[in-house]
Amino acid sequence: MRASCVFTSRRLWVENDLEDEIRQLEQRMLNVGALVENAIDVAVAALLHADAELGEPVIEEDAEIDRLEVGIEQDCLAILENHRPRGRDLRFITGVMKINSNLERMADLAVNIAEAAVEVAGHRAAPPALDPEPLSTLSQHMVREGLTALVTRDADLARRVCDMDDEADRLFERLREDAVRMMKENPAQIDGVTSIIGALGNLERIADQATNVAEDVVFMVDGDIIRHRDSTSGRGSSV
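So for the sequence shown, my numbering puts the first residue at 2; every next one is plus one.
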């Protein structure tokens, strides 16, 4: 009887310890998410205002986000080794590892946008008809909603973020067609338009990364893999 009580106490202690480490890991993820979201906001503002100086902190702070990304991955591996989590806890840890990578990639894309802002500022000839704001607004919204879905474990919200990706693709394709037309009509604007369309490509990829985050949230919560969902049924496989 006494051995049974000791075993039960030990198991509860390990479970509580795991819960604490998961909460700490979640907080570190939120901190990185906030940094990445801010980097995207600042980079987009730099692009919209053709302000090279505004985007400089995004480039300078990328190394810190890289460092945090490595730290979170190490934390996940330590939890897997020390606690051998199962079920939802295991899905959470593996999901965090993938989302962590997605966030780091978003930060890299934000750096690309900030660097494009430097180029646009140098041209000072961005055609007003090529407006990146609708795509930037949607991409930023997808990032925020994806992170909200992660925090709240809201699979329905995550699925809605996934549904937004088609609209991001349409916006980018429309802007790219406008860019080609403008460059044909006015070859003097080629350099400025090329810089902007490059930045828009990075925004579209940020939307893709936000979609990846949302897909991983669905897996965390429901165990449903929707990454390669059947186009006719809209459903993936469950784990």
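Where is the CB? At the ideal position from N, CA and C, for every residue including glycine.
Nearest-angstrom Cα separation, counted from Glu178 out to Leu91 | For Leu91 and Glu178, the distance between alpha carbons rounds to 44 Å.
Where does Gly34 land, buried or exposed, given buried means 16+ other C-beta within 10 angstroms?
-> The residue in question, Gly34, is buried, as its Cβ has 16 or more Cβ neighbours within 10 Å.
Would you mind sorting Glu22 into buried or exposed? The rule is 16 or more other CB atoms within 10 Å of its CB.
-> Of the residues assessed, Glu22 falls on the buried side of the cut-off, its CB having 16 or more other CB atoms within 10 angstroms.
Nearest-angstrom Cα distance between Gly199 and Arg182?
-> The alpha-carbon atoms of Gly199 and Arg182 are separated by roughly 16 Å.
Put Asp225 into one of helix, strand or coil per three-state DSSP.
-> If DSSP states are grouped into helix, strand and coil, Asp225 belongs with the strands.
C-alpha distance - Val194 paired with Leu36, whole-angstrom precision | Distance between the alpha carbons of Val194 and Leu36 is about 29 Å.
Arg154 in three-state terms, based on DSSP = In the three-state scheme derived from DSSP, where H, G and I count as helix and E and B as strand, Arg154 is classed as coil.
Can the beta-carbon of Ile41 be found closer than 8 Å to that of Val144?
-> In contact: Ile41 and Val144 (Cβ atoms closer than 8 Å).
Can you list, in chain order, the residues of its chain whose CB lies under 6 Å from that of Leu223, leaving out five sequence neighbours each side?
-> In the sequence as presented, Leu is not what sits at residue 223; that position holds Asp. These residues qualify, in order along the chain: Ala156.
Assigned secondary structure, Asn135 (DSSP; H/G/I helix, E/B strand, else coil) = The amino acid occupying residue 135 in the given sequence is Pro; Asn does not appear at that position. Here DSSP, grouped into helix, strand and coil, assigns Pro135 to helix.
Beta-carbon proximity check, Arg26 vs Pro133, cutoff 8 Å = Here residue 26 is Leu; the residue named in the question, Arg, does not match the sequence. No.
Output yes or no for whether 8 Å exceeds the beta carbon distance between Ala115 and Ala51.
-> Between Ala115 and Ala51, the CB-CB gap reaches or exceeds 8 Å.
Local conformation of Asn187 per DSSP, three classes | Here DSSP, grouped into helix, strand and coil, assigns Asn187 to coil.
Is it true that the CB of Asn39 sits closer than 8 Å to the CB of Gln210?
-> Taking 8 Å as the Cβ cut-off, Gln210 and Asn39 do not qualify as a contacting pair.
Straight-line gap, Ala159 to Leu151 (C-alpha atoms, nearest Å) = When rounded, the distance between both Cα atoms is 8 Å.
Where Asp52 falls: helix, strand or coil (DSSP) | DSSP places Asp52 in coil when its eight states are reduced to three.
Top-ranked residue by Cα proximity to Thr212, from Asp67, Leu139, Pro86, Leu176 | Closest by alpha carbon: Leu139.
Whose C-beta lies closer than 6 Å to the C-beta of Ser196 among residues of the same chain, with five residues either side of it excluded?
-> Leaving aside the five residues that flank Ser196 on each side, the residues in its chain whose CB is nearer than 6 Å to its CB run, in chain order, Ala117, Glu120, Val121.
Apart from the five residues on each side of it in sequence, which residues of its chain come closer than 7 Å, Cβ to Cβ, to Leu48?
-> The beta carbon of Leu48 lies closer than 7 Å to those of Ile114, Ala117, Ala118, Val121, Pro133, Ala200 in the same chain, with the five residues before and after it left out.
Pick helix, strand or coil for Arg86, following the three-state DSSP scheme.
-> First, the amino acid is wrong: residue 86 is Pro here, not Arg. DSSP places Pro86 in coil when its eight states are reduced to three.
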